[in-house]
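Worksheet: one structure, shown below.
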Amino acid sequence: MPLVALSFLPIFIPIMFFLGGWYAGRTNTASVPQKAVWLSRSLLMIFLLMFPISYVFADAWQASHWIRHTSLSQIMLGLVTIMGWVLITFSRHYMAGQTRSKRYYRWLMFTLASVSVTVTSNHLVVFWLGWLGISLSLHNLLTFYPDRPRAILAAHKKFIVARLAELALLVAFVLLYQTHGSLYISDILNTLTLQADANIELSNTDHIAATLIALAALIKCAQLPFHGWLIQVVESPTPISALLHAGVINLGGYLVLLFAPLVAQSSYAIWLLLLISGLSTLASALVMTTRISVKVRLAWSTSAQMGLMLMEFALGLYELVLLHLLAHSFYKAYSFLNSGNAINDTLRLTLSGASANGRLSENKPTLTAWFSVIALSTAGVFLVRTLFGFDGALSTWWLLALAISLLVLQWRASEHAPSLLSICVVSIFLCVIYATLKDTVRVMFPITHIGHTDAFSLADLWAILLFSLLFIINALLHYQVHLSWVRRLSITLFAGLYLDEWLTRLVLRIWPVTLPARAKDQHNAPHYSHSANDR
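Structure below.
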C-alpha cells in the first residue's frame, strides 16, 4: 500500500504547475516572477528525489495503472521539469515591466502542466486531453502580442493544423480501444508486443490507427507542408519560442516512441514517416541556408531536425530518436535564449578581423578534393564501425561520413587549417562518441526489437539517397552559384518552395481571420487573404 501511494508522486508536478498558473492569474504582478521561480526550483527538487525511488520500485508502482512509470516517461518528465525551471528563471528578467505578465505566467504554467500530464499518463483519454491542453494553452502564448498581424496569422494556422492532429489521434485511440478493449496504454502495448513475438500480423484497424498516429506526429513536428506556422511564430516572446522548439514540438517524437510496438509493425505508417519526414528534412535543411534572421534559421532547423528524428524512428533507431530528442531540446533552448547575443557576436568577430564564413567562398575545393575527402571519410567511418562492432542502419553512418567530409573541407578552407592527423583523430572521436551515446541510451531505455531496419533495405537506401542529395545540393548552392539553374533553385528555396503560401490560402478560405491593424490610424483591421514567408 505505501508503494501504491508513492506511485502517485509524479502527479504532484503537473498539479503544482497548474496551481502555479492559477495563482499567477489571481495575484499581483510584482510577486509572480519570484513565486514562479521558487515553484520551478521546488518541482525540480521533487523530481530529483522521486526519480531514484521510481527506478527502484518501478514494477511495484505499476499498480497505479493510470500513471506510466517507465524510463521514457521519467526521462521526459525530467526534461519538462528542467525546461520549466530554465524558462521561468529566464522569464523573470525578460518579462520585467510587461503589463500582461500575469497572463504570460498563467498560460506558461498551464502548458507545462499539460505536457507533464501527457508524458506521465497511461490512459488514452487522459493522454488525449493533455495533448489538447498543450495546444490550447500554447495558443494563448503565441498570441501574447495581439497587435502583431503575423503572429496572429501564424497562431491561427497553428490552431487549425493542431485540430487535425488531435482529430487523427482521437480516431486512432478510438480504434485501439475497439480492437483491444482497454483504455490503458500499457495493456495495449503489451498485447501488441506479444502479437509481434508470436508473428501475428496487425489487423486492418491497427494499421489505420498506426498510420493516424504517424500523421499526428508529422503534424506536431511541423513537417512540410504544415510548417509555415512554426517559421512565423518567432514573433512571440523568446522564452515561448524556446518552449515550443525545445519542448512542445518534440512531442511528435515522444508519441511514436511511446507507440513503437504499434507504429513499427505497420509498413503504411513507416513509409508515411519516411516519405514526408525525409522530404521535409531535405527541403528544410536547404531552405535554412538561405535565411539571415537568427530565429528564422533556428525555426527551419527545427523542422529539419524533427524530420530527421522521425526518419530515425522509421529506420528502427529508437535509442537514437531519444538521444536526438534530448540533445535537440537542450540545444534549441540555449540557441533561442541566447539569440539576443547574435549582434554582439557579429560585432566581436568584425572587430577582431574575423569573418563569419572564413575564406570558404575564396578557397573553393576542387572536384578531386571533394571525392578524396568523401572517400577517406567514408572509409574511416565504416572502418570504425567494423572494428568496434557498432550496428545500425548504414544510412546513419553514411550521413556521419558526409558530415565529417563537409567539416574537413571547411577546416581545410579556413585560414588556420588543422593538420591531417588532427582531423583524423577528431573524426574517429566523433564516431566513437556517436556510437557510445547511442549504446548508453539503449541501456537506459531498453526498447523492443520490433521494426529495426536491416542494412541495404529499401528504407535504408531511401535515406542514403536523401542524405546524398542534401550534401550535393548544399555544395552546389555554396560553390556553383554562378550556374543559372542553381540561382533559380536558390530563389525557390528562399521562398520556402512556396508551400506555405498554398497552405495559407487554403486555411484562410476554410476559416478566414481578421488581423489587427498595423497603424494607429487604421480603424478597420485588414482581412488577410494571403501570406509570404519570413524572408
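In the working numbering, the protein residues as written are 3 to 537.
Built from N, CA and C at the ideal position, the CB exists for glycine as well.
Just so we're clear, the structure is a prediction, and the values are computed from it rather than from any experiment.
- Annotated three-state conformation of His326 is helix, per DSSP.
- As the crow flies, the alpha-carbon of Lys160 is around 37 Å from that of Ala437.
- Here Pro514 is exposed. Its C-beta has fewer than 16 other C-beta atoms within 10 Å.
- Judged by beta-carbon spacing, Leu204 lies beyond the 8 Å limit of Gln307, meaning their Cβ atoms are not closer than that value.
- Here Ser286 has Leu226, His229, Trp302, Ser303, Ser305, Ala306 and Gly309 as same chain residues with Cβ atoms under 8 Å from its own Cβ, once five neighbours each way along the sequence are excluded.
- Note that the C-beta distance between Leu312 and Gly249 is not below 8 Å.
- Residue pairing for Ile84: DSSP places it in no beta bridge.
- Note that the C-beta distance between Trp133 and Thr145 is not below 8 Å.
- Sequence-distant partners of Thr292 (beyond 5 residues in either direction) whose C-beta falls short of 6 Å from its own C-beta, in its chain, are Leu495 and Phe496.
- Taking 8 Å as the cut-off, the beta carbon of Ala465 is found closer than this to the beta carbon of Gly280.
- Take the alpha-carbon of Ser139 and the one of Pro16: they are about 14 Å apart.
- Contact check for Thr113 and Leu260: beta-carbon distance about 20 Å, past the 8 Å limit, so the pair fails to qualify.
- In the structure shown, Ile69 falls within a strand segment according to DSSP collapsed to helix, strand and coil.
- DSSP places Thr516 in the strand class (E or B) of the three-state scheme.
- Note that the C-beta distance between Phe338 and His247 is below 8 Å.
- Under the three-state reduction of DSSP, His95 is assigned to helix.
- By the 16-neighbour rule on beta-carbons within 10 angstroms, Asn124 is buried.
- In the DSSP assignment, Tyr186 forms a beta bridge with His125.
- With a contact defined as Cβ atoms closer than 8 Å, Leu257 and Ile215 qualify at about 6 Å.
- Excluding sequence positions up to five before and after Leu468, its CB lies within less than 6 Å of the CB of Gly280 and Leu284, all in the same chain and listed in chain order.
- Burial is judged here by how many other beta carbons sit within 10 angstroms of a residue's own beta carbon; Phe431 has fewer than 16 and is exposed.
- Of Leu81, Ser93 and Thr91, the smallest CA-CA separation from Ser118 is found for Leu81.
- Relative to the Cα of Arg152, the nearest Cα in the group Glu237, Leu177 and Phe129 belongs to Glu237.
- Secondary structure of Cys223 (DSSP, three-state): coil.
- In the structure shown, Ile77 falls within a helical segment according to DSSP collapsed to helix, strand and coil.
- In the three-state reduction of the DSSP assignment, Ile90 falls in the helix class.
- Excluding its 5 nearest sequence neighbours in each direction, Leu185 has C-beta neighbours in its own chain below 8 Å: His125, Leu126, Val127 and Tyr179, listed in chain order.
- Residue nearest to Leu288 within the set Ile77, Pro518, Trp24 and Ser470 is Ser470 (criterion: CA-CA distance).
- Tyr500: not part of any alpha helix (DSSP H); DSSP gives it neither H nor E.
- By the criterion of a C-beta distance shorter than 6 Å, Ile272 is surrounded in its chain by Ala316, once the five residues flanking it on both sides are discounted.
- The distance from the Cβ of Arg70 to that of Ile187 is about 7 Å, consistent with a contact at the 8 Å cut-off.
- Boundaries of the alpha helix (DSSP H) around Phe473: Leu460 to Tyr481.
- Excluding five sequence positions before and after His158, the CB atoms of its chain that fall closer than 7 Å to its own CB belong to Val515, given in chain order.
- Contact annotation, Tyr96 with Thr240: C-beta distance approximately 7 Å; criterion of less than 8 Å satisfied.
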